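Student: Supplied in structure tokens, the structure appears directly below.
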Amino acid sequence: IDTVQHFRDAMPGAEIALIMGLDAFREIETWKSFRQILALVPVIVMSRPGSHAVAGGSDRAQVAQVLSAIVPGEPVEEAPEGFLAGSFKPVTVQHVTALDISSTRIRELVRAGRSIRYLAPAAVVEHIYAKGLYA
């Protein structure tokens, strides 16, 4: 919520959205003030390669299931702008063809002494190595 509020305050009037992976969205109920986040900004849920293999069905079905658990007894509707549930902003699912990458994977590669050159912006890679992070 702090990050969402920061950007709302820093860019008044701007349309902002929170982008997260499906894995993070499945755990959104563990987040601080998750209901407030969902009420303040639209959420874009990005599928990751292989995410469809997770038990629970398709990406869309998993998003609907999470929302249904958050607002029991209220309908979760799928509309052109995304899933609508209660007083929350729309939650959309965006399928992408992307590298199978995560912060966990980057840390593992750094610890193993392998390159992360094309997995993060150059400035981030330089910072990680300069500070000896994740080693």
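Here our numbering = 1-based position in the sequence shown + 1054. Where is the CB? At the ideal position from N, CA and C, for every residue including glycine. Small disclaimer: the values here were computed from a predicted structure and weren't measured.
1) Measuring alpha carbon to alpha carbon, tell me which residue in Ala-1123, Thr-1057, Glu-1132, Val-1178 is nearest Ile-1073.
2) Grouping DSSP H, G and I as helix and E and B as strand, with all else coil, what is Ile-1098?
3) Have a look at Val-1164 and Ile-1170 and give me their C-alpha separation to the nearest angstrom.
4) Roughly how many angstroms separate the alpha carbons of Lys-1185 and Ser-1122, rounded to a whole number?
5) So, under 8 Å CB-CB, Lys-1143 and Pro-1096 are touching, yes? Tell me the CB distance rounded to an integer number of Å.
6) By Cβ distance, which residues of its chain are closer than 7 Å to Arg-1080, with the 5 residues on each side in sequence left out?
7) Report yes if the CB atom of Arg-1176 is closer than 8 Å to the CB atom of Ile-1160, and no otherwise.
8) Roughly how many whole angstroms lie between the Cα atoms of Glu-1132 and Arg-1168?
9) Hey, could you find the ends of the beta strand (DSSP E) Glu-1180 is sitting in?
10) Starting from Glu-1131 and walking both ways along the alpha helix (DSSP H), at which residues does that stretch end?
11) On a CA-only basis, which of Ile-1070, Leu-1094, Leu-1138 is nearest Ala-1118? Give me that one, please.
Tutor: So, from the data block:
1) By 1-based counting over the sequence shown, the position of residue 1073 is 19. Measuring from the Cα of Ile-1073, the nearest candidate turns out to be Thr-1057.
2) Against the sequence shown, residue 1098 aligns to sequence position 44. Of the three classes helix, strand and coil, the one that applies to Ile-1098 here is strand, per DSSP.
3) The residue labelled residue 1164 in the question sits at position 110 within the sequence shown. The residue labelled residue 1170 in the question sits at position 116 within the sequence shown. Near 7 Å, if we compare the C-alpha coordinates of Ile-1170 and Val-1164.
4) On the sequence shown, position 131 is the one that residue 1185 refers to. On the sequence shown, position 68 is the one that residue 1122 refers to. Cα to Cα, the separation comes out at about 43 Å.
5) Taking the sequence shown and counting its residues from 1, one reaches residue 1143 at position 89. Taking the sequence shown and counting its residues from 1, one reaches residue 1096 at position 42. The C-beta distance from Lys-1143 to Pro-1096 rounds to 4 Å, short enough to fall under 8 Å.
6) The sequence position of residue 1080 within the sequence shown is 26, counting from 1. Gln-1116, Val-1120.
7) Position 122 of the sequence shown, counting from 1, holds the residue named residue 1176. Position 106 of the sequence shown, counting from 1, holds the residue named residue 1160. It is Ala, not Arg, that sits at residue 1176 in the sequence shown. Contact: no.
8) Within the sequence shown, the letter at position 78 stands for residue 1132. Within the sequence shown, the letter at position 114 stands for residue 1168. Taking the straight line from one Cα to the other gives about 43 Å.
9) Sequence index remark: in the sequence shown, residue 1180 carries index 126 (1-based). No beta strand (DSSP E) contains Glu-1180, which is instead part of the alpha helix (DSSP H) from 1176 to 1185.
10) Numbered from 1 along the sequence shown, position 77 holds the residue referred to as residue 1131. No alpha helix (DSSP H) contains Glu-1131, which is instead part of the beta strand (DSSP E) from 1130 to 1133.
11) Locating residue 1118 in the sequence shown gives position 64, where the first residue counts as 1. Nearest option by C-alpha distance: Leu-1138.
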